[in-house]
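Trainee:
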Amino acid sequence: MDIIHLLPDNVANQIAAGEVIQRPASCLKELVENSLDAGATRIQVIVRDAGRTLLQVVDNGSGMSSTDARMAFERHATSKIKAAADLFALRTMGFRGEALASICAVAQVEVTTRCASSEMGTHLEIAGSEVLGQEPCQCPVGTNIKVKNLFYNVPVRRKFLKTDQTELRNLLTEFYHIVLVYPKVQFTFAHNDEILFELPAGTEKQRIEAVWGKGTGRTYTSNFLEVKTDTDLVSIRGFVSKPEAAGKTAQQYFFVNGRYMRHPYFQKAVTTAYAGMLPGDYQPSYFIYFDIAPEAIDVNIHPTKTEIKFADEQTIFPILLASVREALGKFSLAPTIDFDREGEMDMPVRSSDTPIVAPKPMYDPAYNPFHTRSGVSMQQEKSRADSNWDMLYTIPSSVSAPAAEDYGLADDLSLFDMDVASLSVWQYAGKYIFVPAKSGVMVVNQHRAHICVLYEEYLAQLEDARGATQQLLFPEILDLTPGDMVLLGTIIDDLRAIGFDMDLFGKNSYSVNGVPAQLAQQNVLPVLEHILQSIRETGANATQEWRKRIALSLAKDTAIPYGKTMTAEEMRDLLERLFNLVTYRFTPDGKRVVVLIHDDEINKRF
Ligand code: ADP
Ligand code: MG
203 MDIIHLLPDN VANQIAAGEV IQRPASCLKE LVENSLDAGA TRIQVIVRDA
253 GRTLLQVVDN GSGMSSTDAR MAFERHATSK IKAAADLFAL RTMGFRGEAL
303 ASICAVAQVE VTTRCASSEM GTHLEIAGSE VLGQEPCQCP VGTNIKVKNL
353 FYNVPVRRKF LKTDQTELRN LLTEFYHIVL VYPKVQFTFA HNDEILFELP
403 AGTEKQRIEA VWGKGTGRTY TSNFLEVKTD TDLVSIRGFV SKPEAAGKTA
453 QQYFFVNGRY MRHPYFQKAV TTAYAGMLPG DYQPSYFIYF DIAPEAIDVN
503 IHPTKTEIKF ADEQTIFPIL LASVREALGK FSLAPTIDFD REGEMDMPVR
553 SSDTPIVAPK PMYDPAYNPF HTRSGVSMQQ EKSRADSNWD MLYTIPSSVS
603 APAAEDYGLA DDLSLFDMDV ASLSVWQYAG KYIFVPAKSG VMVVNQHRAH
653 ICVLYEEYLA QLEDARGATQ QLLFPEILDL TPGDMVLLGT IIDDLRAIGF
703 DMDLFGKNSY SVNGVPAQLA QQNVLPVLEH ILQSIRETGA NATQEWRKRI
753 ALSLAKDTAI PYGKTMTAEE MRDLLERLFN LVTYRFTPDG KRVVVLIHDD
803 EINKRF
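The sequence shown begins at 203 in the working numbering and counts up one residue at a time.
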């Protein structure tokens with residue numbers, strides 16, 4: 203008996219859709235790319251519920267005839283290539299003729315479109331690959347396509363979608379990839395009736411500024427250096443950030459022939475150009491556009507993949523490296539720039555990927571951070587500290603970035619029989635606390651020690667939502683970029699939990715009416731900037747992860763700064779609280795807190 207048969211179109215399309223359309227963001231990418239391929243100069247993106255209920259793209263491109271509109275939704279229907287040879291000279295974003303067929307297999311689609319050569323447009327409705335109706339209509343030249351209830355007929359997929367915040371972030375990521383290559387096209391992006399982006403036509407630099415520079419009043423692109431190289435093989439142009447504008451996170455974008463790409467090998471070329479200019483974990487931002495003959499790159503790009511293969515990667519690497527070096531070389535480094543923020547002050551001035559205006563020192567000299575933890579009496583605290591005192595020399599397993607030389611130092615040491623209250627402590631250079639230990643002298647970095655202590659406190663407060671709020675006399679206004687608005691939306695509940703009293707204030711701002719009590723004396727806006735910055739760095743997806751980041755960021759901003767004189771009592775209190783922690787040798791981000799100078803080492807010197 204013969205058992206093989208061809209799958210019906212709607213089934214085949216649904217299977218294909220599984221590959222091409224994985225989430226609202228991939229659908230958006232396909233729709234916008236089609237508009238660009240149609241020569242649109244104005245593209246509006248309208249989204250509802252992060253694309254779950256509606257993804258609409260309105261363009262002023264070529265539009266389609268009524269027959270083409272119907273054809274467009276067939277599998278392998280495309281106007282962009284005719285023969286296999288065309289694949290090697292692609293200049294359009296699409297070419298597979300799969301996207302619309304896939305989208306209409308898993309959503310309810312409505313298109314209104316008209317091409318310049320016809321008086322009347324056409325309105326077409328398709329759902330689950332089935333044409334529900336088509337009729338002539340009045341409409342402007344261009345295409346207006348609505349994709350409603352994505353995955354309405356594939357419940358598994360629908361369930362698979364992440365939270366609205368996450369899906370919206372994915373949509374914005376796709377949006378960035380596209381708008382950065384088409385600065386001459388005007389874009390708007392609206393989500394739930396709120397316009398997140400209104401990007402006028404302009405230059406690449408203006409586009410970058412429009413996406414990242416707004417909101418906080420800082421100019422982003424003033425920190426850029428221009429890269430430009432033309433060779434027979436490839437032309438490279440774009441922008442890289444000045445070294446001092448680098449941060450732990452960065453905006454890093456490569457584009458080739460008008461398409462976003464990931465390219466770890468080329469990324470290495472760029473970072474190599476910065477060798478020796480940046481602190482260890484800092485990254486430069488870059489927006490680099492390659493132009494190369496289409497046949498020199500692999501065209502058979504999977505629609506969801508962003509890696510692109512170049513035939514001459516090895517040749518391009520040194521060209522790229524040299525052009526970034528040249529850009530950096532032209533820019534003479536001011537001798538005042540202190541890249542070693544680890545060295546003197548790792549506190550008040552934090553550089554970042556987006557140049558935050560250097561905040562004025564954010565601590566109040568009168569502020570005493572050494573108040574006792576609420577709810578725990580000094581006595582209880584002390585006895586706990588005593589009992590854990592011996593743990594000072596056991597190696598905690600949860601330390602994040604251990605340095606080998608820290609181990610083995612102190613194995614034979616023990617302090618547990620000492621009375622903290624009678625320890626003789628002294629402060630050195632406004633920065634270190636010296637404490638005698640049984641087999642040497644212990645040196646504690648006061649700022650980092652306090653970070654460790656505060657970190658645990660903030661984390662606990664976040665978990666039980668018990669941060670105390672101090673109302674501000676005059677609310678502060680936090681202006682944000684649309685991207686940061688989305689980010690803040692993800693963590694707002696946690697910020698409230700820890701004591702921030704914040705409300706939406708207009709489209710792209712929050713009013714800050716109250717702050718965590720520990721922040722009462724501080725300039726709150728930079729503190730919030732730092733929190734956003736640290737979330738941006740990882741794009742933290744899990745609650746736990748971003749709580750850690752909020753706690754760490756707050757701890758860094760509220761920890762006792764270097765240069766602050768401490769009384770013996772304050773020092774003992776800090777040490778007591780520090781050694782009460784499970785993890786105290788390193789800060790949560792892996793910086794050393796405690797160093798032991800062994801007796802042997804001291805004796806050797808005499
Ligand atoms: P591809 O883009 O790979 O050709 P699609 O399924 O995305 O495949 O689109 C099929 C065809 O529909 C395109 O080749 C194009 O002719 C037409 N089309 C799709 N979207 C638009 C649009 N916004 N404006 C004009 N034509 C469009
Ligand atoms: Mg397409």
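Glycine included, each C-beta is placed from N, C-alpha and C at the ideal position.
Being a predicted model, the structure only gives us computed values, none of them experimental.
(1) Is any heavy atom of ligand 1 found at a distance shorter than 7 Å from the C-beta of A303?
(2) Alpha carbon to alpha carbon, how far is T365 from P357? Give it in angstroms, no decimals.
(3) Taking C-alpha atoms, which residue in L680, G531, T269 lies nearest to E428?
(4) Using only alpha-carbon positions, find the residue among K348, T431, N355, E312 that is nearest to E337.
(5) Just to check my reading of the structure: Y384 and L238 have Cβ atoms closer than 8 Å, yes? What is that Cβ distance to the nearest angstrom?
(6) So the candidates are E658, R360, N346, T517; which of them puts its Cα closest to the Cα of Y467?
(7) Threshold first: 4 residues or longer. Then list the alpha helix (DSSP H) segments lying entirely within the stretch 259-339, N to C.
(8) Suppose the cutoff is 6 Å on Cβ atoms and the five residues either side in sequence are ignored; what does the same chain contact list for R244 look like?
(9) Mind checking P226: buried by the 16 CB within 10 Å criterion, or exposed?
(10) Any contact between the stretch 327-346 and the stretch 254-272? By contact I mean 3 or more CB pairs, one from each, below 8 Å.
(11) Does the stretch 639-654 touch the stretch 763-771, meaning 3 or more C-beta pairs lie closer than 8 Å?
(12) Cβ of G330 within 7 Å of any heavy atom in ligand 1?
(13) For G265, is the beta carbon positioned less than 7 Å from some heavy atom of ligand 1?
(14) If we count the other Cβ atoms within 10 Å of its Cβ and call it buried at 16 or more, is E376 buried or exposed?
(15) Would you decide whether Q258 is buried or exposed? Buried here means 16 or more other CB atoms lie within 10 Å of its CB.
(16) Between which two residues does the beta strand (DSSP E) holding M810 run?
(17) Under 8 Å, with one C-beta from each stretch per pair, do the stretch 694-702 and the stretch 666-681 reach the 3-pair mark?
(18) Do you know offhand how far N236's Cα is from A242's?
(19) Count the other C-beta atoms from every protein chain shown that fall within 10 angstroms of the C-beta of Y786, then say buried if there are 16 or more, exposed otherwise.
(20) Kindly indicate which residue of S487, K407, A403 has the alpha-carbon position closest to the one of L444.
(21) Does the distance between the C-beta of G460 and the nearest non-hydrogen atom of ligand 2 fall short of 7 Å?
(22) Might you give, ordered along the chain, the residues of its own chain that have their beta carbon closer than 8 Å to the beta carbon of K633, omitting 5 neighbours on each side?
(23) Can you name, in chain order, every residue of its own chain whose Cβ lies under 6 Å from the Cβ of T421, other than the five neighbours on each side?
(24) What's the C-alpha gap between V688 and Q367?
(25) For F707, which of Q724, T692, L682 has the nearest alpha-carbon?
(26) For P718, list the residues DSSP reports as bridge partners.
(27) In chain order, what residues of the same chain lie with their CB nearer than 8 Å to the CB of A218, ignoring the 5 residues before and after it?
(28) Give me whichever residues DSSP pairs with M463 in a beta bridge.
(29) Once DSSP output is grouped into helix, strand and coil, what is the label at N346?
(30) What are the boundary residues of the beta strand (DSSP E) that L798 is part of?
(31) Quick one: what does DSSP say F399 is sitting in, helix, strand or coil?
(32) Go to W748, then tell me how far its beta strand (DSSP E) extends in each direction, as first and last residue.
(33) Could you give the DSSP three-state label for M768: helix, strand or coil?
(34) Under the three-state reduction of DSSP, which class applies to L480: helix, strand or coil?
(35) Given 7 Å as the limit, tell me if F492 has its C-beta closer than that to any heavy atom belonging to ligand 1.
(36) Could you check how far apart the C-beta atoms of L661 and K750 are, in whole angstroms? I think they sit under 8 Å.
Mentor: Judging by the given coordinates:
(1) Within the sequence shown, the letter at position 101 stands for residue 303. Yes, the Cβ of A303 comes within 7 Å of a heavy atom of ligand 1.
(2) The sequence position of residue 357 within the sequence shown is 155, counting from 1. The sequence position of residue 365 within the sequence shown is 163, counting from 1. Rounded to whole angstroms, P357 to T365 spans 16 Å at the Cα level.
(3) The residue given as residue 428 occupies position 226 in the sequence shown. Nearest C-alpha to E428: G531.
(4) For the purposes of this step, residue 337 is identified with residue 135 of the sequence shown, where counting begins at 1. Taking only the C-alpha atoms, the option nearest E337 is E312.
(5) For the purposes of this step, residue 384 is identified with residue 182 of the sequence shown, where counting begins at 1. For the purposes of this step, residue 238 is identified with residue 36 of the sequence shown, where counting begins at 1. With a Cβ gap of about 6 Å, Y384 and L238 count as contacting.
(6) Sequence index remark: in the sequence shown, residue 467 carries index 265 (1-based). Y467 has its Cα closest to that of T517, out of E658, R360, N346, T517.
(7) For the stretch 259-339, whole alpha helix (DSSP H) runs of length 4 or above, ordered along the chain, are 268-273, 301-307.
(8) Residue 244 sits at position 42 when you count from the first residue of the sequence shown. The beta carbon of R244 lies closer than 6 Å to those of N262, Q388 in the same chain, with the five residues before and after it left out.
(9) For this step, residue 226 is matched to residue 24 along the sequence shown. So P226 ends up on the buried side.
(10) Under the three-pair Cβ rule at 8 Å, the stretch 327-346 counts as touching the stretch 254-272.
(11) Contact holds: three or more Cβ-Cβ distances are below 8 Å.
(12) Reading the sequence shown from its first residue, position 128 is the one you call residue 330. No, since every heavy atom of ligand 1 falls outside the 7 Å radius drawn around the Cβ of G330.
(13) Here the question's residue 265 lines up with position 63 in the sequence shown. Yes, ligand 1 has a heavy atom inside 7 Å of this Cβ.
(14) As a first step, residue 376 is located in the sequence shown; it is residue number 174 there, counting from the start. With 16 or more other Cβ atoms from the protein chains shown falling within 10 Å of its own Cβ, E376 counts as buried.
(15) As a working note, residue 258 is residue 56 in the sequence shown. Under this definition Q258 is a buried residue.
(16) Missing from the structure shown is residue 810; the chain here goes from 203 to 808 and no further.
(17) In short, these stretches touch, since the Cβ pair count reaches three.
(18) Within the sequence shown, the letter at position 34 stands for residue 236. Within the sequence shown, the letter at position 40 stands for residue 242. N236 and A242: Cα-Cα distance of roughly 9 Å.
(19) Here residue 786 is taken as the residue at index 584 of the sequence shown, counted from 1. Answer is buried; the Cβ neighbour count reaches 16.
(20) Along the sequence shown, one-based indexing puts residue 444 at 242. The identity of residue 444 in the sequence shown is Lys, whereas the question assumes Leu. Minimum Cα distance to K444 is reached at S487.
(21) The residue given as residue 460 occupies position 258 in the sequence shown. For G460, the shortest separation between its Cβ and any heavy atom of ligand 2 does not lie below 7 Å.
(22) Looking up residue 633 in the sequence shown gives position 431. Once the five neighbours on either side are set aside, the close Cβ partners of K633 are N647, Q648, H649, Y764, G765.
(23) Taking the sequence shown and counting its residues from 1, one reaches residue 421 at position 219. Within the same chain, T421 has close Cβ partners G415.
(24) Along the sequence shown, read from residue 1 onward, the residue named residue 688 stands at position 486. Along the sequence shown, read from residue 1 onward, the residue named residue 367 stands at position 165. For V688 and Q367, the distance between alpha carbons rounds to 7 Å.
(25) As a working mapping, residue 707 is identified with position 505 in the sequence shown. Of the candidates Q724, T692, L682, the one whose C-alpha sits nearest the C-alpha of F707 is L682.
(26) Here residue 718 refers to the residue found at position 516 when the sequence shown is read from its first residue. T671, per the DSSP bridge assignment.
(27) Residue 218 sits at position 16 when you count from the first residue of the sequence shown. R277, E300, A303, S304, A307.
(28) For this step, residue 463 is matched to residue 261 along the sequence shown. Bridge pairing for M463: F456 [DSSP].
(29) Within the sequence shown, residue 346 is the residue found at index 144, counting from 1. Looking at N346 - three-state DSSP - the assignment turns out to be strand.
(30) Translated into positions along the sequence shown, residue 798 becomes position 596. Note, L798: beta strand (DSSP E), 796-800.
(31) Residue numbering aside, residue 399 sits at position 197 when the sequence shown is read from its first letter. F399: strand per DSSP, three-state reduction.
(32) Counting from one through the sequence shown, the residue named residue 748 turns up at place 546. Run containing W748: none in the beta strand (DSSP E); it sits in the alpha helix (DSSP H), 745-760.
(33) The sequence position of residue 768 within the sequence shown is 566, counting from 1. Per DSSP, reduced to three states, the secondary structure at M768 is coil, with no helix or strand assignment.
(34) If you number the sequence shown from 1, residue 480 lands on position 278. If DSSP states are grouped into helix, strand and coil, L480 belongs with coil.
(35) As a working note, residue 492 is residue 290 in the sequence shown. Not so, every heavy atom of ligand 1 lies at least 7 Å from the Cβ.
(36) Mapped onto the sequence shown, residue 661 falls at position 459. Mapped onto the sequence shown, residue 750 falls at position 548. Contact holds; Cβ gap of about 7 Å.
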